[in-house]
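Heads up: the structure comes next, in structure tokens.
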Amino acid sequence: MDYKKLDLPNTNYPSKEQLEAFKTAFDAFLETNPQENENHQNDAFNDLLKGVFKYKVKPTKRIDSAILNDNDKVEVIIEFKALKNPNEFIKKGDLNVKALHESLFYYLIERKNGNNNLKHLILATIKELYIIDANEFEIFNKDKEIENAFKDCHDKKGNDPRTKAFYDACQKRLNELDRSLKYYHIPLKKENLALIYQALSPNFLLKIPKYSDANTLNKDFYEELLYILGLEEKNEKGKILIKPSRTRNSLSYALKEQYKDLDDEEVMALLIAWNNRILFLRLLESLLNSFKHFEKPFLTTENFKDFNALNTLFFEVLAKKNSECSQDTKENKILGKIPYLNSSLFDQTPLELKGYEIKLLNNKPLEIYPKSVLKKHEEYQEYKDLPLLKYLFEFLRVYDFTTTPKDIRDNTNNSESRLINPSVLGLVFEKLNGYKEGSFYTPSFITSYMCKESITPIVLDKFNATYQWDCENLKALREKINRNFSDQKAKEYLNTLLTLRICDPAVGSGHFLVSALNEMVLIAYKLGLIASLYRHKLRLENDEIIIHTPKNEVFNYTIPHSENDPHHQIQKELFELKKSIIENCLFGVDINPNSCEITKLRLWIELLKYSYYIFEEGKNTNNLETLPNIDINIKCANSLISRFNLNDDLKKIPNIKKKIQEYKDLVAQYKDPNPLYPLNKQDLINKIQDLKNTFSLTLKDPKTKAELEKAIEKHIKDYNDFALDDKSLLTGLNYFIPSLFGTPKLSPKEEEEAFASYGRIRALRKKLDDALSGGEYQNAFEWRFEFPEVLDDEGNFLGFDCIIGNPPYMQVKKGLYSSIFYPFSEGKDIGKQNTYKVFIELGFNLTKQKGLISLITQSSIMCDCSAQFTRELLLKYCQIHYFVEFNKKQKLFSNVIQGVCILEFLKDRPNKEHAFKIAINNTQIQMNQIQYEQIKQDEILKFFPLYEIPLIKSGEMEIVRKIKTDKILFRDLLEKSLQGNINTIHLKDIQDQKETNGRIYKGANCHRYFLDTQYLFAKDNQITQQIFEKNYYQNIIVTQNITGTSDPYRIHANLIEVKNQEMLFLDTCNLSYCKEQEHAKFLVGLLNSRLLDWLFRKTSTNNHVNLYELETLPIPQITKSNKPTADKIIALVDKILQAKAKDPKANTQGLEKEIDALVYQLYYLTHEEIKIIENGQ
2 MDYKKLDLPN TNYPSKEQLE AFKTAFDAFL ETNPQENENH QNDAFNDLLK
52 GVFKYKVKPT KRIDSAILND NDKVEVIIEF KALKNPNEFI KKGDLNVKAL
102 HESLFYYLIE RKNGNNNLKH LILATIKELY IIDANEFEIF NKDKEIENAF
152 KDCHDKKGND PRTKAFYDAC QKRLNELDRS LKYYHIPLKK ENLALIYQAL
202 SPNFLLKIPK YSDANTLNKD FYEELLYILG LEEKNEKGKI LIKPSRTRNS
252 LSYALKEQYK DLDDEEVMAL LIAWNNRILF LRLLESLLNS FKHFEKPFLT
302 TENFKDFNAL NTLFFEVLAK KNSECSQDTK ENKILGKIPY LNSSLFDQTP
352 LELKGYEIKL LNNKPLEIYP KSVLKKHEEY QEYKDLPLLK YLFEFLRVYD
402 FTTTPKDIRD NTNNSESRLI NPSVLGLVFE KLNGYKEGSF YTPSFITSYM
452 CKESITPIVL DKFNATYQWD CENLKALREK INRNFSDQKA KEYLNTLLTL
502 RICDPAVGSG HFLVSALNEM VLIAYKLGLI ASLYRHKLRL ENDEIIIHTP
552 KNEVFNYTIP HSENDPHHQI QKELFELKKS IIENCLFGVD INPNSCEITK
602 LRLWIELLKY SYYIFEEGKN TNNLETLPNI DINIKCANSL ISRFNLNDDL
652 KKIPNIKKKI QEYKDLVAQY KDPNPLYPLN KQDLINKIQD LKNTFSLTLK
702 DPKTKAELEK AIEKHIKDYN DFALDDKSLL TGLNYFIPSL FGTPKLSPKE
752 EEEAFASYGR IRALRKKLDD ALSGGEYQNA FEWRFEFPEV LDDEGNFLGF
802 DCIIGNPPYM QVKKGLYSSI FYPFSEGKDI GKQNTYKVFI ELGFNLTKQK
852 GLISLITQSS IMCDCSAQFT RELLLKYCQI HYFVEFNKKQ KLFSNVIQGV
902 CILEFLKDRP NKEHAFKIAI NNTQIQMNQI QYEQIKQDEI LKFFPLYEIP
952 LIKSGEMEIV RKIKTDKILF RDLLEKSLQG NINTIHLKDI QDQKETNGRI
1002 YKGANCHRYF LDTQYLFAKD NQITQQIFEK NYYQNIIVTQ NITGTSDPYR
1052 IHANLIEVKN QEMLFLDTCN LSYCKEQEHA KFLVGLLNSR LLDWLFRKTS
1102 TNNHVNLYEL ETLPIPQITK SNKPTADKII ALVDKILQAK AKDPKANTQG
1152 LEKEIDALVY QLYYLTHEEI KIIENGQ
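In structure tokens form, the structure reads like this:
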């Protein structure tokens, strides 16, 4: 076994106050006498942990020292050694010593006792700490030799039960194992103060989530930015919406003062466009300053005194190539140095083209925001207001905008509150962009986790399929690549990587695409495909790429003097790699045009970070490499609605191969323009659109299109282009060339025939256009051909390798989407429609065979009845990889009130043995620490009639399996079942205000073993009499239809023996009619038991106790062998019913516990299994 030292992640920076308090306690700890014994030194360390972090630190029965949780379960094992025993502790990175063997012994004891809460193990002296993640020890828990040695020692069964024998066995086995053990090493020195604090803090040591995120919104920044823009947040019906404020002289106020005819929508569109540009400029300024391109900031009112000057910067500098700029611009000491970047961010918007420009706005003084960041600076404390543009620039100046990660050597970050990186900006953009519907964002630890989990397998699959390899992980793939390595092969391997196609069909602010981009860069690095980094280290941290030089310094690019500068080579290679990944691999669609603009902006910013200087003839031109037109990969439309099926045939189009190649060439030329190519950007867009029109017409109505083309061809042959002056008639059709000799002179009769021909052409064209323009297709997105990168040479749709994202979940009316495109979610699912189900099926449709889909979705996908057939699609036609469920309280997704989960699945039919992983109630920010349970897909189909995915924890599936095997469904033991006798909406027709003999019961009247007396009185009419007669002389099990998910019991069952009483039940009650009274008592005992309550909770995600959920509960068949147990249950139920009939408040807990014990016996549960159930409630 070898031992690998890890760097502690820089994610939990202590504040100055925390550090000062820790310093005092740590100084006291350093006073510990090195000559003292082990116990004394261990106590000093424990005092440090207790005093600063308030841990519960004490010895247990077998462990000398441990950190315990509130339930007294061990979470951290501490093995402390005195300096006097150097042979028992780690030397020179060799962990195969007694300290490790002892901690392993304690670990195995805890795991044997069912402790799944272990987080870390600490091996320590007063001079140093070695911290090991508890998951690293799981390999020892599964190792047969270590297991046997442990049993010999712990259970005193072997020939040598001494602990020393166990330690000796460990030492021998560790030397034999071909594995790596990872650890963190922290020297306990004053200069490491912040690092030590971080290592011992609960966020790291106990893996308690700290909700700081690379994308965490900086509230102070965001609120003051809104104030300056003239916007405010308003809470409307639980949604946080953004609307123009009434703040005088803010940007929205100045806009409305200048252009009084603008509505709020138009104001928002202009503000968002201007805000995006200004924040992008502030990042560009930061980048150019870090490059030493400028000596000092250029975004100041000295350089841009008013909005007219800012407008000049937008459209005369940033929107034009240097060669196209005016002489004045070129000679200006500031404007002349600002590089052209080719970003459509600086193309005029439709409103600007109509004359609504920023240049005419007044620059009046805006009162400084009461909580302004400027007030913390002496130079602004006297000011009450500032001119609007100056205020905006000065406000942005105070914050530390950065495009590169900071090198935080001592793990402290004093400027965290002022740090504005692209991820923070992405969140600001997302909040503003979601101004109409209220927004939420996906934390970067989730996007990074999902991208890592989904992209790595598709990379392996791609390389294995291409080269007939069988690599199981990236390490094995790297070894294969190394064995076949050459410069030519490296290019080939990189091109193979670049054939991946990843799409987010609800792209939002582009966060998933940014994470996917960085994950692909990391994979390219791990595979050795970034030549310039062969001696550097690259890693991802908080959604950022961090590169360390061989001297362990953070990589930083500045103006290079030579093209051979190694830093210049790295910058250039990373820019080109990112550019290639964005152009070839990343695609997105969103219904919101602002989302699309922000996604493009975030991807441009990712490229901007690695922008490099262009050299010509060995000389630095001081111009930066321009950004590509990546906007064509981000489309604005409704991704759930399409006219055309993905299998529709394009082969009917003449010269289809040529047309597809032309389409691909045009898109490639658009992304990366060749200056020698004759077409400009707009010409390219027009040509691309023409081709797509051809595809549309062919796919929708090939017969009419062929008829129309034939009619036009005949018309041109007979009459040339006479009367065909309406060019829209020809859009999307094969091109017909009229005679070069012009229109011949036609006779009056020929003219009449020509006009008749023209009429037929018009009619056919209308028929064709009508087929494409139905209202249901408004804003439709044509996946069939919109992305040529997923079409083969003949135009067939190949599909994406990966669909990833956090699509919207909201209820919509049934029938909104095509049941032909979505046969499961729209066709077969009953009840409410929710967009998350349609997106799951869209993901399935869009991926190629063995493609991977990873989505964040509502937890109700797992059990809700309305998603039954979407689950059927997943279970029968896909290989589910995992469900990670987060409960509602976790609030990982801002403004989302529902429980959510991550679902990942492969588009490939499962075999009988295929199993997937599940983790529920997840609260871990460290996603790699999740403890999963495994479930076979075939077992879901076998045990769960509605295909529910049970919400089980680690170790619980075996119990579910046992409970469900060889049982009868509850519904098969009933004569009939109803959700009440009558719907509550008819209450007014049956309720009497005066006392009568008839009684109406609601769900709230139903309790465990009794009905209360708060019933309503029923009228004596035809409706009630019919119901009363149906209930006469029936044994009815009544259960409450709605109970709280946190109630002690979810199922409230009672038996009513109706004779000639006049009783009816509303639909908030479930009614199960039984033939035999004794058997009904048996069923009531089971329904009210701990065991079936536990099982019910495993497939219930809301507060309804639905009839269909009760009906599928498993009931043992009464046999000769279990009849005595069943009879005991019936007798106990009888006693409880009698006691409750006399006094509903009677204490029957003792009797109920006896029933619980008998029910466990009936289902053959072991003592350990019973303990899991009792502890789980």
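The sequence shown lines up with residues 2 to 1178 when you count with the numbering used here. We treat Cβ as the ideally placed atom computed from N, Cα and C, and that holds for glycine. Given the structure is predicted, the values throughout are model-derived calculations rather than measurements.
Review point. Any idea if I953 is buried or exposed, counting beta-carbon neighbours within 10 angstroms, 16 or more meaning buried?
Key: Buried: at least 16 other Cβ atoms inside 10 Å.
Practice item. Consult DSSP for S581 and reduce its assignment to one of helix, strand or coil. Key: The answer is helix: DSSP assigns S581 an H, G or I state.
Review point. Can you tell which of E710, L175, F316 has its C-alpha closest to the C-alpha of D95?
Key: Considering only E710, L175, F316, the residue with the shortest C-alpha distance to D95 is L175.
Exercise for review: Only counting runs of 4 or more residues, tell me where the alpha helix (DSSP H) segments fall wholly within the segment 89-118, in order along the chain.
Suggested key: Whole alpha helix (DSSP H) segments, 4+ residues: 99-113.
Practice item. Tell me, to the nearest whole angstrom, how far the beta carbon of T1100 is from that of E1112; I am working on the premise that it is less than 8 Å. Key: Wrong, their Cβ atoms sit about 12 Å apart, outside the cutoff.
Review point. What is the rounded straight-line gap between the Cα of S855 and the Cα of I197?
Key: Cα to Cα, S855 sits roughly 37 Å from I197.
Review point. Under three-state DSSP, which class holds P824?
Key: The answer is helix: DSSP assigns P824 an H, G or I state.
Point to revise | C-beta atoms of S758 and H716 nearer than 8 Å | key: In this structure, H716 lies closer than 8 Å to S758 by Cβ.
Check your understanding: Would you call A525 buried or exposed, if buried means 16 or more other Cβ atoms sit within 10 Å of its Cβ?
Key -> Result: buried.
Review point. In chain order, what residues of the same chain have a beta carbon less than 7 Å from the beta carbon of P809, not counting five sequence neighbours either side?
Key: Within the same chain, Cβ atoms closer than 7 Å to the Cβ of P809 are found at A507, T836, the five residues on either side in sequence being excluded.
Practice item. With a cut-off of 8 Å on the beta carbons, I'd call A200 and Y185 a contact; round off their distance for me. Key: Sure, about 7 Å apart at Cβ, within 8 Å.
Review point. Who are the Cβ neighbours of I209 in its own chain at under 7 Å, not counting the five residues just before and after it?
Key: Correct list, in chain order: P203.
Review point. Can you tell me whether T622 is buried or exposed, with buried defined as 16 or more other CB within 10 angstroms of its CB?
Key: Flag for T622 reads exposed.
**Study point:** Supposed close pair K849, F884 - CB separation, criterion 8 Å
**Key:** 23 Å between Cβ atoms; not a contact.
**Study point:** Nonlocal neighbours in the same chain, by C-beta distance under 8 Å from L942, ignoring five residues either side
**Key:** These residues qualify, in order along the chain: L876, K877, Y948.
Exercise for review: Report the three-state DSSP secondary structure of E1175 (helix, strand or coil).
Suggested key: The three-state secondary structure of E1175, taken from DSSP, is helix.
Review point. Any idea what DSSP makes of D28, helix, strand or coil?
Key: Note: D28 maps to helix in three-state DSSP.
Check your understanding: What three-state label does DSSP hand M1064 in the structure shown?
Key -> Shown here, M1064 sits in a strand according to DSSP, grouped into three states.
Check your understanding: Buried or exposed: which applies to L280, given that a residue is buried once 16 or more other Cβ atoms fall within 10 Å of its Cβ?
Key -> With 16 or more other Cβ atoms within 10 Å, it is buried.
Review point. Thinking just about the alpha-carbon of each residue, which of Y678, S612, F1083 is nearest to the one in K1124?
Key: Nearest C-alpha to K1124: F1083.
Review point. Are there 16 or more other CB atoms within 10 angstroms of the CB of K490, so buried, or fewer, so exposed?
Key: Answer is exposed; the Cβ neighbour count stays below 16.
**Study point:** L647 versus G852: straight-line alpha-carbon distance, rounded
**Key:** A direct Cα-Cα distance of roughly 16 Å separates L647 from G852.
Practice item. Take K538 and list the residues in its own chain whose beta-carbon comes closer than 6 Å to its own, dropping the five residues that flank it on each side. Key: Close CB contacts of K538 within its chain, under the 6 Å cut and outside five residues either way in sequence, are with H549 (chain order).
Exercise for review: Ignore the nearest five residues each way along the sequence and tell me which others in K355's own chain have a CB closer than 8 Å to its CB.
Suggested key: Taking C-beta separations shorter than 8 Å and ignoring five residues to either side along the sequence, K355 has no partners in its chain.
Exercise for review: Output the boundary residues of the beta strand (DSSP E) element that contains Q850.
Suggested key: Residue range 848-859 is occupied by the beta strand (DSSP E) that includes Q850.
Check your understanding: Tell me which same chain residues have a C-beta within less than 8 Å of the C-beta of T705, skipping the five on either side of it?
Key -> The beta carbon of T705 sits closer than 8 Å to those of L765, K768, L769, A772, all from its chain and outside the five residues before and after it, given in chain order.
Exercise for review: Between the Cα of D1157 and those of D1144, N1071, I1131, spot the shortest distance and give me the residue it belongs to.
Suggested key: Answer by Cα proximity: I1131.
Point to revise | Per-residue DSSP class, three states only, for G52 | key: Correct three-state label for G52: helix.
Practice item. Pull up the distance between the alpha-carbon of A255 and that of N363, whole angstroms please. Key: Cα to Cα, A255 sits roughly 6 Å from N363.
Check your understanding: What are the uninterrupted segments assigned as beta strand (DSSP E) that are 3 or more residues long and contained completely in the segment 628-679, given in chain order?
Key -> Here the runs fully enclosed are 635-637.
Review point. In terms of residues, what are the limits of the alpha helix (DSSP H) holding C597?
Key: From DSSP, the alpha helix (DSSP H) with C597 extends over 594-609.
Point to revise | Straight-line Cα distance separating Y131 from L178 | key: Near 21 Å, if we compare the C-alpha coordinates of Y131 and L178.
Review point. What is the DSSP secondary structure of T248, reduced to helix, strand or coil?
Key: DSSP places T248 in coil when its eight states are reduced to three.
Practice item. Please determine, among H41, I1001, R63, N70, the residue with the shortest C-alpha to C-alpha distance to K85. Key: Of H41, I1001, R63, N70, the smallest CA-CA separation from K85 is found for H41.
Exercise for review: Using the Cα positions of D1072 and Q859, report the straight-line distance between them to the nearest angstrom.
Suggested key: For the record, residue 1072 in the displayed sequence is Leu; it is not Asp. Taken atom to atom, the span from the alpha-carbon of L1072 to that of Q859 is near 30 Å.
Check your understanding: Out of curiosity, what's the CA-to-CA distance linking I661 and N681?
Key -> Cα to Cα, I661 sits roughly 20 Å from N681.
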